[in-house]
Structure formats: C-alpha cells, structure tokens
Amino acid sequence: MTKLSVNINKIATLRNSRGGNVPDLLQVARDVQRFGAEGVTVHPRPDERHIRYQDARDLVSVVHTEYNIEGNPQHNFIDLVLECKPTQVTLVPDAIGALTSNAGWDTVTHQAYLKEVIAEFKRNGIRTSIFVDPVLAMIEGAKETGTDRIELYTEVFAHQYGLGNKAAIQPYSEATKLAGELDLGVNAGHDLSLDNIKFFKDNLPNLLEVSIGHALISESLYLGLENVVNMYLQRLK
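Read in order, the letters of the sequence shown are residues 20 to 256 in the working numbering.
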C-alpha cells in the first residue's frame, strides 16, 4: 500500500492569516495521524509565509509516523533539517518567492551540489528524496547523487488527467520503471487529488508515498478532514 503523507502547509497559511494559533497546526498533525495518515509533510520557505522554522522544530515531538521536511537546501534549511532529523528530507529547487513548487531538479547540472548535500543528510541517518520531473535523464542523474528516493512532480499529469488525457500517465510509468531498475524508491506529489489519485496509484504499482496538501485540505472544507484522509487511504490500497 502506498503511504499517505499529509502536507499541512495550508493549515499554517490559514493560521498566519489572522495571527494567533487557530487553527492549531500541532493538533492538526496529531489528528491526521490519528485518522490514519502514515506521515506528515511540511515545506518551510525562507519567508516563512506558511510553515515557520519553529513549527518544524515543534513537530518533532508530535509526529510519530513519518516526518518529511521539504525545501530548497540552502544553509538555513540544511541546518534546520540536521537539527530536526526527520524521517525524510525532500529536496525541492524552489526559486525565492515562488508561489509553489513548479519544476523538478536538473540532476545533471546540479549533480555535484546535490551529491554533497545528500551525503551530509545520509551521514545523519536521514532518508533523502529529490523532486524531479518524469524525465529519464533526470532519473539517471538522481541515481548518481546517492539519493534514496525520487519524488515525481505530478502537476502535468494532474492537469492533463483533468482534461481527460489518461495517456499523461505514461512518462510517470516509464520513470517509475527506470527508478526501480536503478534501485531508487519513488514518491510523488503536486496537484494529486481524490479525483486522480486512484488512477495514478493503479498505474504506478511501486509507488511508495504520496505527499498531498492543497487538494486534501480544500476537499476537507466540504467533506471533513477525517473523512477525506480515509478516502485517500481507500484509494491508495
């Protein structure tokens, strides 16, 4: 069964919009795990516009499933991850000020840098994953960095699937097949939703984990958080 990691960035966005501590980010993390989620994901950015660095620290004592911290491996981020020692760190090439993640790593151009950063995380017992597009050359480049896993950037699939183009799964299937041959684990995330997650999972049998935030929190406004978490878990079986 593919694991569900709930990205709680949007909870922090809502909290920050009014100040104070409503909704309570730490309680939401406790709740999604109680509802059955197998992991919690946060993606702190340098401007801390949603998840704050202190949130990431506070979650260490709250997350008893898998804790995944995503971000661009700049100095402050590296220091944060080494302090928190999450289960997994997912490296994302976010540009400063980017609204959301919008591309995977060029694992050829940035291979030497990624290799250095990944080696440091692995020395500290932290599983590593690299955010990549479903491009075979990028998968091969990821293997050379020493990463444990890749996370497939799924926005293109989600958009095309919404238009009725189920063939958009093909590059992801090919990428997953190659990753398996290279002994790389495969995660996925970005714009996955209740509408497309079952089709995506059914076509990627070796998918280890999905990280879902925006859609899951949005769907919960109508259907309730506990219900939505369990709907994802059913689709991922």
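All C-beta atoms, glycine included, are put in the ideal place defined by N, C-alpha and C.
Residue range G204 to G208 is occupied by the beta strand (DSSP E) that includes V205, with no alpha helix (DSSP H) assigned at that position. Distance from the CA of Q130 to the CA of A161, rounded to the nearest whole angstrom, comes to 8 Å. Along the length of the stretch 180-254, whole beta strand (DSSP E) runs at least 3 residues long occupy 204-208 and 226-231, reported in chain order.
E67 is the residue among T21, A156, V25 and E67 whose C-alpha sits nearest the C-alpha of N35. Under the three-state reduction of DSSP, I70 is assigned to coil, being neither helix nor strand. With contact defined as three or more Cβ pairs closer than 8 Å, the stretch 177-192 and the stretch 80-100 are not in contact.
When secondary structure is reduced to three states using DSSP, R37 falls in the helix class. In this structure, D210 keeps its C-beta atom at 9 Å or more from the C-beta atom of A186. Here DSSP, grouped into helix, strand and coil, assigns T109 to strand. Rounded to whole angstroms, the separation of the alpha carbons of Y251 and P105 is 23 Å.
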